[in-house]
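Student:
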Amino acid sequence: MEPDTTTLTAEQVAQEQLAGWSFDDSGDADSIVARVETGDFVTGLALVNAIGEKAEEANHHPDIDLRYPYVEIRLSSHDAGGVTSRDVALAKVINGLSAESAL
3 MEPDTTTLTA EQVAQEQLAG WSFDDSGDAD SIVARVETGD FVTGLALVNA
53 IGEKAEEANH HPDIDLRYPY VEIRLSSHDA GGVTSRDVAL AKVINGLSAE
103 SAL
């Protein structure tokens with residue numbers, strides 16, 4: 003099955019109510035971006051590893067910036083040139099992982 007390459011507008015993404023994510027239309031392609039405050043580097047690294055596992059399972063890979071004390075995640079479907087349902091789905095998974103890392 004071919005991946006869905008239908009791009010979503012900022013309004014369509016907003017309807018998904020993705021806590022912590024914002025729509026960014028400033029680059030070459032639209033994306034959604036979240037910053038997760040992890041408090042320390044080790045927690046951030048654990049979150050990045052967890053995101054990496056889920057991203058690999060989904061065959062959809064975010065851009066991740068690991069810093070002390072946060073992780074910034076950017077999702078965009080490069081093959082579609084913007085945000086698709088794949089990005090929204092992975093953002094929801096990442097939100098779950100972020101909630102788990104805060105425990």
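My numbering runs 2 ahead of the 1-based position in the sequence shown.
We put the CB at the ideal spot given by N, CA and C, even for glycine.
Keep in mind it's a predicted model, so treat the numbers as computed, not measured.
Check whether the stretch 28 to 36 touches the stretch 78 to 88, counting contact only when three or more Cβ pairs, one atom from each stretch, lie closer than 8 Å.
Tutor: yes
Student: Could you compute how far the alpha carbon of residue 40 sits from the alpha carbon of residue 11?
Tutor: Looking at the backbone, the Cα of residue 40 and that of residue 11 are separated by about 29 Å.
Student: Decide if the stretch 15 to 29 is in contact with the stretch 45 to 56; the criterion is three or more beta carbon pairs, one per stretch, under 8 Å apart.
Tutor: With a cut-off of 8 Å, the stretch 45 to 56 and the stretch 15 to 29 do not count as touching, because too few Cβ pairs lie within range.
Student: Give the C-beta separation of residue 99 and residue 68 to the nearest angstrom, bearing in mind that I take them to be a contact with Cβ-Cβ under 8 Å.
Tutor: Contact between residue 99 and residue 68 is absent: CB atoms are separated by about 14 Å, not below the 8 Å threshold.
Student: Quick one: what's got a C-beta closer than 8 Å to residue 81's C-beta in the same chain, skipping five residues either side?
Tutor: 5, 7
Student: Please report the residue range of the alpha helix (DSSP H) in which residue 68 lies.
Tutor: No alpha helix (DSSP H) holds residue 68; the beta strand (DSSP E) holding it covers 65 to 69.
Student: How big is the Cα-Cα spacing for residue 61 and residue 79?
Tutor: 11 Å
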